[in-house]
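The structure under discussion appears below in the form of structure tokens.
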Amino acid sequence: MRIPTLPLIASALAVLGISAAAADIYTPGEPVRAKFKDFALPFLEQNCFECHDDETTKGDLNLLELSRVDETNAATWKSVWAQVALEEMPPKKKDQPDVIDRLRFSDWIVGELQRVMKNKGGFHAHMDPKKGNFVSHALLFGPLPDGIQLTPTSSPARIWRVTPQEHITRLNELINTEPKYDPAKPGLRAHGDVVPTNHGGELKLYFGIDRITSVVGGTVAYATAVKSVPVVLSSARKVGLKNYPDFYSVNSAEATQILGKAEDILKYMAYGPLSLVGMPEQITDDPKTYDKVKPKGDLRGLPTAIVYNTKVVRPLTPVLDLMKEPEVTDERLRAAVDYLFEALTFRPPNKPESDSYLQIVKDSIAKVGKKDGVMMGLSSVFLDRDALFRPELVEGGKPDEHGRVMLQDWELGLAVNHALCYIKPDETLRQAIVDGRMRTREDVKREVTRMLDDDSIRKPRVLQFFRDYFDYDLGGYICKDTRALAATGVASRGESHYRAMFDATASTDRLIELVLAEDKNVLKELLTTQRVVATKNDNTYFGRKHTKEEQVAAIAAKKKAEEEEAQKEVAELKTLKAEVAALEAKVKDNPEDKAAQKSLTQQSRLLAAAEKRIDNARKE
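For the sequence shown, numbering that gives the first Met the number 0 gives the first residue as 0, with consecutive numbering after it.
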């Protein structure tokens, strides 16, 4: 049974209890340095024990048994924190603690949970963006209670893992050359735009598809035969805003996949389609030459089913220069290392970084030879911290009077670039960083304004924000009843619906770009606009149903067109019969005329095909 201690606590509070704490200045974000016995226990006594002691254990929770925060009771303290922070406890009908008391108590629990869980996976629940929905609007937008003192805003030192879209676009830059932005066709994908999902909604990196001239099989066989690798990095959330620094890491499984894909990418950088084919004859400008030597049997879905042309369209890099020469020199090795490092991290390596990776490549070559050693050694660059994370550690700079240090140089420049782009900084921004002109607010304003005003600088990060905000890119992943879709009368019995939804993502991207360009009530316009960006294939969704009169006219027009086509085919058939008859007579008179025999064979085939086509049309 609980011993009555409220009178004692009430007298003690005047000196060191909750009221005394409330009288102190409270600064949100500052650690609450207090002990359980002197701080937390009085709060529990005053606000919690009435309903959660050994006599009244509401919710089967007895807080009398709760001691200072440790690993064994962390779950209980987390529950207490959630209830207090969300203002669900004490119950609304009970006396409520002062605002500052509640905030300070919540901060104290968070601090203690972070301390005791540091080596047990950490405590991150308070960092979940969903918690933002429960922040008191009165505190956010109203006058602050007496005793709360805010410090000037700042962010903690942190690192951001790159997003899946940014990472795969970064890798795409190594092996594919995208077209420059064409102001006459602003809706076309250009250099700097995100790598799009395929027609099935998969985000993949494709190798050499801009050089394919022929393939055995249909769409499915093509998708299987072509070389591709799926995106590796994951997202913690399927809907809503996803890019938060405290959400993500790169686990061992992802690191292993990155290494495997790095070797594929490096081989393509060095050898092009030769790294993809089973036979060198597959690389030719005349696919018929491959037909003479290609393997027998069904090649559908196999790498040997594809023929590539000889035109070199991939980026030509120091990796190619390194591998095309038999000898190995430090100059070529360092050039390959430095190029790859900047391509993956968006900044040049410093001397220790360059030396370190150079030594890794040299050691790999010494162990397994040049061909495999270069690939093995350079693959390590793909796992560099800055290839997977963007740091904001501010390890240099002078703090202001509040202890804040502004980002500068590469950290600031890459933060600006990251806010808009998925590819490395353009030459103007890069030069500003190198020249020390990325250190002030004015520098940021100059570069952001320049980038926003230049349509040729693609800004997929802006579109990704709207994708996250509205989730319009998820339509193709919503499964529908196939039978119900077919009953609507849409093409392909509804099978085309999913591709249409993925295509609609690109169309909606373009609509958003148009609304942003107008820059008038953007959010309202996006929520209420009746405009759509659509193609002919979208008539099923946006087309108007014909009236009865229009239906009759359409049927009549179709019938007339069919009659005209039939008359045309009959005339062609008559002409072909006459040509065949003339050639037959010519061959009969002169059996040695090889040219006439060849022409007769060709025309006879055309005649047979035309007769079959007309016969099938009559049956329909």
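By construction, the Cβ of each residue, glycine as well, lies at the ideal position given by its N, Cα and C atoms. Note that the structure is predicted; figures quoted are calculated from it, not measured.
- Under DSSP, R160 takes part in a beta bridge, and its partners are F388.
- Three or more beta-carbon pairs drawn from the stretch 202-214 and the stretch 267-274 are found closer than 8 Å, and the two stretches are therefore classed as touching.
- Non-local C-beta neighbours of A565 in its own chain, meaning closer than 8 Å and more than five positions away in sequence, comprise I613 and A616, ordered along the chain.
- Counting along the chain, I305 sits inside the beta strand (DSSP E) bounded by residues I305 to Y307.
- According to the DSSP secondary-structure assignment, H51 is paired through a beta bridge with T56.
- L170 sits buried, since 16 or more C-beta atoms from the chains shown fall within 10 Å of its C-beta.
- Separation of the CB atoms of P244 and R346 is rounded to 19 Å, and the pair is thereby denied contact status at 8 Å.
- Non-local beta-carbon contacts of V514 in its own chain, meaning distances under 8 Å to residues more than five positions away in sequence, involve V521, E524, L525 and T528 in chain order.
- Its Cα nearest to that of V230, the residue A261 stands out among D320, A261, F140 and Y221.
- Under a 10 Å Cβ-count criterion, T162 is classified as buried, with 16 or more other Cβ atoms of the shown protein chains found around its own Cβ.
- Two segments are said to touch when three or more pairs of C-beta atoms, one from each, lie closer than 8 Å; by this definition the stretch 224-238 touches the stretch 164-178.
- Pairing L102 with F133 gives a Cβ-Cβ distance that is not under 8 Å.
- Residue L484 holds the alpha-carbon nearest to the alpha-carbon of G493 among E29, L451 and L484.
- Per DSSP, reduced to three states, the secondary structure at V228 is strand.
- In the three-state reduction of the DSSP assignment, T546 falls in the coil class.
- Between the C-alpha atoms of V551 and H545 there is a straight-line separation of about 9 Å.
- Taking C-beta atoms as the reference points, E201 and H190 fail to come closer than 8 Å.
- Counting along the chain, the unbroken alpha helix (DSSP H) around I108 starts and ends at V98 to V115.
- P459 is positioned such that its CB atom lies closer than 8 Å to that of D192.
- The stretch 299-381 contains, as complete alpha helix (DSSP H) runs of 4+ residues, the segments 317-323, 329-344, 350-367 and 369-378 (chain order).
- For Q430, there are no CB contacts under 6 Å within the same chain when 5 residues up- and downstream are skipped.
- When DSSP reads this structure, Y25 sits in a beta bridge with I147.
- In this structure, DSSP gives K260 a helical state, which the three-state scheme calls helix.
- Annotation: M88 to M375 spans about 58 Å, alpha carbon to alpha carbon.
- Residue state for T212 is assigned as strand, using DSSP reduced to three classes.
- Non-local C-beta neighbours of V306 in its own chain, meaning closer than 6 Å and more than five positions away in sequence, comprise T212, S213, Q281, P286 and Y289, ordered along the chain.
- Taking C-beta separations shorter than 8 Å and ignoring five residues to either side along the sequence, the partners of E70 in its chain run V115, M116 and K119, following chain order.
- The straight-line gap separating the alpha-carbon atoms of N416 and H51 is approximately 53 Å.
- Rounded to whole angstroms, the gap between the alpha carbons of D453 and S363 is 44 Å.
- A distance below 7 Å between beta-carbons, with the five flanking residues on each side excluded, links N197 to the following residues of its chain, in chain order: K203.
- For Y540, the enclosing alpha helix (DSSP H) stretches over residues N538 to F541.
- With distances taken between CA atoms, P314 lies nearest to L173 out of L173, L143, V447 and A74.
- Between P302 and L275, the gap from beta carbon to beta carbon is short of 8 Å.
- The secondary-structure analysis by DSSP pairs I282 across a beta bridge with Y307.
- Looking at F464, P424, G412 and L451, the one whose alpha-carbon comes closest to that of D442 is G412.
- Counting along the chain, the unbroken alpha helix (DSSP H) around Y468 starts and ends at P459 to F469.
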